[in-house]
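Novice:
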Amino acid sequence: MTTGFYRDTWAEINLDAIDENIKNMKKHIGTEQSLIAVVKANAYGHGDIQVARTALEAGAAMLAVAFLDEAISLREAGVISPILVLGAIRPKDVQIAIQYNVIATAISLQWLKEAAGHIREGKLNYHLKLDTGMGRLGVRDKEEVNDVIQFNSKQKNLVLSGAFTHFATADEINTDYFDEQYKKLLNLIEAFDLDKMIIHCGNSATGLRFPEKLFNSVRFGISMYGLSPSNEIKPELPFPLKEAFSLHTKLVHVKTIHAQEKVSYGATYSASDEEWIGTVPVGYADGWIRRLRDSDVLVNGKRVPIVGRICMDQFMVRLPENIKVGTVVTLIGHQEQEFISIDEVAERLDTINYEVPCTITSRVPRVYLKKNKIIEVENSLLPHKIRMK
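Mapping the sequence shown onto UniProt numbering, position 241 (from 1) lands on 241, and the numbers just tick up by one.
In structure tokens, the structure reads:
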């Protein structure tokens with residue numbers, strides 16, 4: 001069967017897991033709130049087009065991305081649903097946003113005035129970003145909010161359809177700062193007709209923990225992919241999350257080495273006795289970075305250690321016995337009774353789970369599964385996609 005790639009390394013994306021996570025979230029937040037599926041950064045490394053389609057089929061009302069380029073990519077792929085760009089679009093590019101029917105984010109009154117000056121035809125649909133304490137983008141006080149509303153009312157080519165903020169500590173047990181931001185938000189939105197606008201303050205953590213504070217929409221990001229917003233709140237999640245991303249490869253070479261023989265760059269690893277060493281065709285150019293040395297992968301359902309330094313395209317593992325070339329090696333995911341989670345990899349790297357799938361580079365083919373069957377393969381190194389029948 002044609003696979004669509006010619007190397008023994010691939011990431012599997014379980015679209016059924018994403019579908020289930022979205023449907024569980026919709027049940028949790030209730031029918032009064034809509035769900036915005038966040039597919040920025042290539043859907044957190046999972047694949048924006050495939051995830052977007054799955055999310056919309058599962059009941060998402062809107063998509064959100066970080067940049068205009070990401071929105072255009074989805075439009076060019078045939079996605080017709082509303083798309084919100086969460087980040088700052090250059091004012092001179094708002095005509096492109098109108099052309100592609102993309103919702104922009106106004107980050108200040110000055111931005112809005114500049115953007116209005118670049119509109120040649122059509123209307124710019126936008127949401128107003130409110131900075132309640134994140135300190136990144138947005139208007140910070142009620143006076144500027146009122147100025148935006150007043151300026152908008154005088155412009156025939158502007159449509160203010162929503163407003164939103166972002167909580168800095170919604171994924172922490174201590175809610176003091178969250179409560180402070182929420183109070184600021186309530187003050188800032190007093191001038192809006194809330195019945196006619198989309199108001200969204202909730203990310204995954206807020207939606208999971210405080211569904212009563214969502215107004216009428218939630219932005220479902222990290223937990224759509226089956227990952228907890230933080231380890232801190234993991235014990236209090238209202239429903240189990242299903243991890244969608246796994247990473248696999250195959251042994252390409254197996255050999256024995258003798259005591260004191262060295263492995264990999266710098267000769268930092270020496271065999272303590274006669275050992276079986278397997279070569280794995282994954283390296284830091286794939287996103288499996290050098291700091292993951294001395295960690296484990298799965299072979300035949302057992303954990304085996306990485307030995308020596310991770311190279312650009314390969315690393316080596318110490319095997320318990322002579323194992324056949326071509327045997328599957330799992331870096332993230334399940335093998336028999338063993339499981340290496342994204343959270344485990346993030347802990348090894350002293351980072352957050354968000355970063356791990358985003359770090360796995362585009363040269364690793366993505367294989368999309370539904371009902372345990374491959375439905376599509378995406379390989380950025382080849383100029384085509386293969387849809388499996």
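Built from N, CA and C at the ideal position, the CB exists for glycine as well. Note that the structure is a prediction, hence the values are computed from the model and not measured.
1) Compute the beta-carbon to beta-carbon distance between L74 and I49, rounded to the nearest angstrom, for a pair I have assumed lies under 8 Å.
2) Report all residues from its chain with a CB closer than 6 Å to the CB of K129; omit the five preceding and five following residues, and keep chain order.
3) Taking just the CA atoms, how far does K156 sit from residue 390?
4) By Cβ distance, which residues of its chain are closer than 6 Å to E20, with the 5 residues on each side in sequence left out?
5) With which residues is P305 paired in a DSSP beta bridge?
6) Based on the DSSP secondary-structure assignment, which residues constitute the bridge partners of T105?
7) Is F192 helix, strand or coil when you go by DSSP?
8) Using 8 Å as the threshold, is the stretch 309 to 317 in touch with the stretch 352 to 367, meaning 3 or more CB pairs across them?
9) Let's test the definition: count the other Cβ atoms within 10 Å of the Cβ of G4 and tell me whether it reaches 16, buried, or not, exposed.
10) Output needed for A17: all residues of its chain with C-beta closer than 6 Å, excluding positions within five of it in sequence on either side, in chain order.
11) I'd like to know if the stretch 198 to 208 and the stretch 158 to 166 are in contact, where contact means that at least 3 CB-CB pairs between them fall below 8 Å.
12) Which residues does DSSP list as the beta-bridge partners of A37?
13) Beta carbon of V367, beta carbon of W10: below 7 Å?
14) Look at I89 and A97 and say whether their C-beta atoms are less than 7 Å apart.
15) Within 10 Å of its beta-carbon, does N203 have 16 or more other beta-carbons around it, so buried, or fewer, so exposed?
16) For L349 versus R309, is the C-beta spacing smaller than 7 Å?
17) Residues in its own chain within less than 7 Å of G266 by CB, not counting five upstream and five downstream?
18) Mind checking which residues open and close the beta strand (DSSP E) that includes M316?
19) Taking 8 Å as the threshold, find out whether the stretch 292 to 303 comes into contact with the stretch 328 to 347 through three or more Cβ pairs.
20) Considering only residues of the same chain and omitting the five flanking positions on each side of I306, which have a CB-CB separation below 6 Å?
21) Tell me whether the beta-carbon of K370 lies closer than 7 Å to the beta-carbon of L15.
22) Taking only runs that begin and end inside the stretch 197 to 277, name each unbroken alpha helix (DSSP H) of 4 or more residues, in chain order.
23) Identify whether R363 lies in helix, strand or coil by the three-state DSSP scheme.
24) Note down, in chain order, each residue of its chain lying with its Cβ closer than 8 Å to the Cβ of A191, except the 5 sequence neighbours on either side.
25) If you draw a straight line from the C-alpha of A60 to the C-alpha of N24, how long is it?
26) To the nearest angstrom, how far is the alpha carbon of E275 from that of P320?
27) Which whole-angstrom value is the C-beta distance of A170 and A116, which I expect to be below 8 Å?
28) On the DSSP letters alone, give me the boundaries of the beta strand (DSSP E) that residue 392 sits inside.
29) Drop a sphere of 10 angstroms on the beta-carbon of M312, count the other beta-carbons inside from all chains shown, and report buried for 16 or more, exposed for fewer.
30) Quick check: F210 and A37, are their CB atoms within less than 7 Å of each other?
31) Among H118, L124, K92 and I189, which residue has its Cα nearest to the Cα of R140?
32) Report the residue from D69, L35 and A41 whose alpha carbon sits nearest the alpha carbon of E57.
Specialist: Straight from the coordinates:
1) A Cβ-Cβ separation of about 7 Å places L74 in contact with I49 under the 8 Å criterion.
2) Within its own chain, the residues whose Cβ lies closer than 6 Å to the Cβ of K129, once the five positions on either side in sequence are excluded, are T105, I107, L137 and G138, listed in chain order.
3) Absent from the structure is residue 390, since the part of the chain shown begins at 1 and ends at 389.
4) These residues qualify, in order along the chain: K242.
5) According to DSSP, P305 bridges with D296.
6) Beta-bridge pairing by DSSP links T105 to H127.
7) Of the three classes helix, strand and coil, the one that applies to F192 here is coil, per DSSP.
8) Put simply, the stretch 309 to 317 does not touch the stretch 352 to 367. Fewer than three CB pairs are less than 8 Å apart.
9) With 16 or more other Cβ atoms within 10 Å, it is buried.
10) Only G226, K242 and A244 meet the Cβ criterion.
11) Output reads yes: the stretch 158 to 166 touches the stretch 198 to 208.
12) DSSP lists L63 and F220 as partners of A37.
13) Yes, they are a contact pair.
14) Contact flag set, yes.
15) Its Cβ being crowded by 16 or more others within 10 Å, N203 is buried.
16) Not in contact: L349 and R309 (Cβ atoms no closer than 7 Å).
17) Non-local C-beta neighbours of G266 in its own chain, meaning closer than 7 Å and more than five positions away in sequence, comprise R309, ordered along the chain.
18) Run containing M316: F315 to L319, per the beta strand (DSSP E) assignment.
19) Per the Cβ contact rule, the stretch 292 to 303 is in contact with the stretch 328 to 347 (3 or more Cβ pairs under 8 Å).
20) Taking I306 as the centre and dropping the five residues before and after it, the same chain places the C-beta of R293, S295, F315 and V317 closer than 6 Å to its C-beta, in chain order.
21) Yes, Cβ-Cβ distance for K370 and L15 is below 7 Å.
22) Counting only unbroken stretches of 4 or more residues, the alpha helix (DSSP H) elements lying wholly within the stretch 197 to 277 are 204 to 209, in sequence order.
23) The answer is coil: DSSP assigns R363 none of H, G, I, E or B.
24) The beta carbon of A191 is closer than 8 Å to those of K142, V145, N146 and I149 in its chain, skipping five residues each way along the sequence.
25) Note on geometry: alpha-carbon atoms of A60 and N24 lie some 12 Å from one another.
26) Cα-Cα distance, rounded: 8 Å.
27) In fact, because the Cβ distance is near 33 Å, the residues do not count as touching under 8 Å.
28) With the chain represented from 1 up to 389, any question about residue 392 goes unanswered, as that position is not in the structure.
29) By the 10 Å Cβ count, M312 comes out exposed.
30) Contact annotation: F210 and A37 have beta-carbon atoms that are not nearer than 7 Å.
31) Ranking H118, L124, K92 and I189 by Cα distance to R140 puts I189 first.
32) Comparing Cα positions, the closest option is L35.
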